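Here's the structure we're looking at; comments come further down.
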Amino acid sequence: MYLAMNRFTVPSENAPAFEEVWLNRESHLQKMDGFVSFHMLKGAESDGTILYASHTVWKTEAQFRAWTTSAQFREAHARAGQTTKLHQGAPRFEGFTAIQTIAASEAA
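The letter at position 9 of the sequence shown is residue 9 when you use the UniProt record's numbering, and the numbering goes up by one with no holes.
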């Protein structure tokens, strides 16, 4: 399993608009081989900013890399530069390969 994250620092006053962009976009992720799940995470507010993280799970790193060079990726990100920049700085990418997975049991 491969986990890909982008972290965004968003000024608190931009949070509603930032969330609206993410909640109303077409991601095209479901069309990709190896895609498992996506989560947009919202952290606590601190010093007038909120930390957000997009969190995508893939079966393999190779399948994630294929997404980043796909037509679906380009289509999903085509309007990224057309809106007002709502976060500070560039998103910070972090990629992780799972070395252990523990899942809830069916009986729980």
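Glycine included, every Cβ here is placed at the ideal spot set by N, Cα and C.
From a predicted model like this one, the values you see are computed outputs, not experimental measurements.
Around E75, the same chain offers E26 and H28 as residues with beta carbons nearer than 8 Å, after the five sequence neighbours per side are excluded. Secondary structure note for L51: its beta strand (DSSP E) is the uninterrupted segment T49 to W58.
Straight across, the Cα-Cα distance linking P91 with A104 is about 32 Å.
C-alpha of G89 to C-alpha of E106: approximately 43 Å in a straight line.
Between G34 and S12, the C-beta spacing is not below 7 Å. Per DSSP, E61 lies in no beta strand (DSSP E) segment; the continuous alpha helix (DSSP H) that holds it begins and ends at E61 to T68. Here R7 carries a strand assignment [DSSP, helix/strand/coil].
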